[in-house]
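Chains as they are written, first to last, in this note's numbering: chain R, 100 to 233; chain P, 100 to 233.
Every residue gets a Cβ at the ideal spot worked out from N, C-alpha and C, and that includes glycine.
No experiment lies behind these values; they were computed from the predicted model shown.
To start, the structure under review is shown below, and the notes come after it.
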DNA sequence: TTTTTCTGTAAGAAAATGTAACATAGTTTG
DNA sequence: CAAACTATGTTACATTTTCTTACAGAAAAA
């Protein structure tokens with residue numbers, strides 16, 4: 100049960116971690132700057148990494164290889180799910196100062212026009228999904 | 100049960116999707132280029148988006164707001180878990196042509212040195228995690 | 001003393017978006 | 001219907017941001 104402790108025990112120097120992960124020291128420091136890891140420090144200010152740090156760096160490495168950027172890596176490592184978006188999470192911007200009611204009116208009028216595209220009569224049915232709830 | 104069908108039915112024009120999502124046409128086209136969405140086309144080559152497309156774009160939008168890049172978004176939307184890394188997924192590179200055995204030897208010698216940092220006697224225990232399996 | 005590591009800064013590459021030019025589709029109106 | 005708009009499409013180039021690499025000087029560790 101002190102596994103948690105053992106895994107966060109500071110053990111590895113920068114040089115070793117470079118070899119273990121294949122990341123450069125500069126990269127590792129950069130990731131620390133961006134709060135992806137938080138290695139301990141010696142009295143002399145050298146970083147000392149734990150197993151957790153190393154494993155996290157290995158995860159980071161594999162995500163980097165996929166081209167995922169730091170923000171993405173943060174997201175994945177903290178595995179926030181994508182917040183489920185509401186029935187319709189309309190973004191206002193531009194037409195910014197519309198009231199919700201106005202916005203809905205706008206959408207309805209726009210959407211009615213959508214009829215031109217496909218000729219599916221089901222459009223009416225879809226509207227209910229957007230407008231008939233709440 | 101034809102919900103699936105309804106949700107993938109092409110309904111929305113580019114302009115409407117811009118308003119619904121707050122993304123620019125340029126962005127939306129770029130995401131299509133990168134295979135995040137696959138809107139249908141009219142005979143005249145205009146894009147027509149489904150509900151699924153719009154919802155995906157809303158997810159993309161919220162990830163973008165977090166600073167996640169396309170690779171990251173792809174990863175999240177397909178929600179691949181980070182592949183669990185093996186007990187020690189050593190990266191060779193640089194010292195590239197070592198055999199696995201040589202590499203293990205190298206790691207052991209390096210790791211033994213690690214003792215200098217912390218003075219925790221538990222290091223020996225940790226080694227087993229790395230070397231005593233398989 | 002020699003080797004590592006630290007911080008900071010600058011230069012370079014790549015990703016994402018903006019912008020502009022010009023063609024075609026679809027809509028609206030006289 | 002035909003002329004006039006407006007929305008979209010494609011392509012190419014410019015700009016911004018993010019990440020990596022390289023370098024310099026100082027301190028720590030061997």
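First through last residue of the alpha helix (DSSP H) which encompasses residue i
i              : result
residue 134(R) : No alpha helix (DSSP H) contains residue 134(R), which DSSP labels as neither H nor E.
residue 108(P) : From DSSP, residue 108(P) is part of no alpha helix (DSSP H); its letter is neither H nor E.
residue 154(R) : 150-164
residue 121(P) : Run containing residue 121(P): none; DSSP gives neither H nor E here.
residue 167(R) : Where residue 167(R) is concerned, there is no enclosing alpha helix (DSSP H), given that its DSSP letter is neither H nor E.
Which of helix, strand or coil DSSP assigns to residue i
i              : result
residue 103(R) : helix
residue 145(R) : coil
residue 117(P) : helix
Residue i classed as buried or exposed, judged by whether at least 16 other C-beta atoms fall within 10 angstroms
i              : result
residue 141(R) : exposed
residue 233(R) : Note that residue 233(R) has pLDDT 23, beneath the 50 cutoff, so the model's placement of it is unreliable and no number is given.
residue 129(P) : exposed
residue 120(P) : buried
residue 102(P) : exposed
residue 164(R) : exposed
residue 117(P) : buried
residue 178(P) : exposed
residue 146(P) : buried
residue 110(P) : buried
residue 122(R) : buried
residue 162(P) : buried
residue 157(R) : buried
residue 104(P) : exposed
residue 194(P) : In this prediction, residue 194(P) has a pLDDT of 33, which is less than 50 and means its spatial position is unreliable; what the coordinates show is noted afterwards. That one is exposed.
Proximity test, residue i beta-carbon vs the ligand MG heavy atom, cut-off 6 Å
i              : result
residue 127(R) : The model on display carries no ligand, and the ligand MG is accordingly not part of it.
Checklist entry - Taking Cβ-Cβ distances below 9 Å as the criterion, which residues of the segment 160-182 of chain P are in contact with chain R? => result So the list reads 160, 161, 162, 165, 166, 167, 168, 169, 170, 171, 172, 173, 174, 175, 176, 178, 179, 180, 181 and 182, given in the order they occur along the chain.
Checklist entry - Quick check: the segment 142-152 of chain R against the segment 149-158 of chain P, are there 3 or more CB pairs under 8 Å? => result With the cut-off at 8 Å, the segment 142-152 of chain R and the segment 149-158 of chain P do not touch.
Item to check | At least three beta-carbon pairs within less than 8 Å, the segment 163-181 of chain R to the segment 154-168 of chain P | outcome: Yes, the segment 163-181 of chain R touches the segment 154-168 of chain P.
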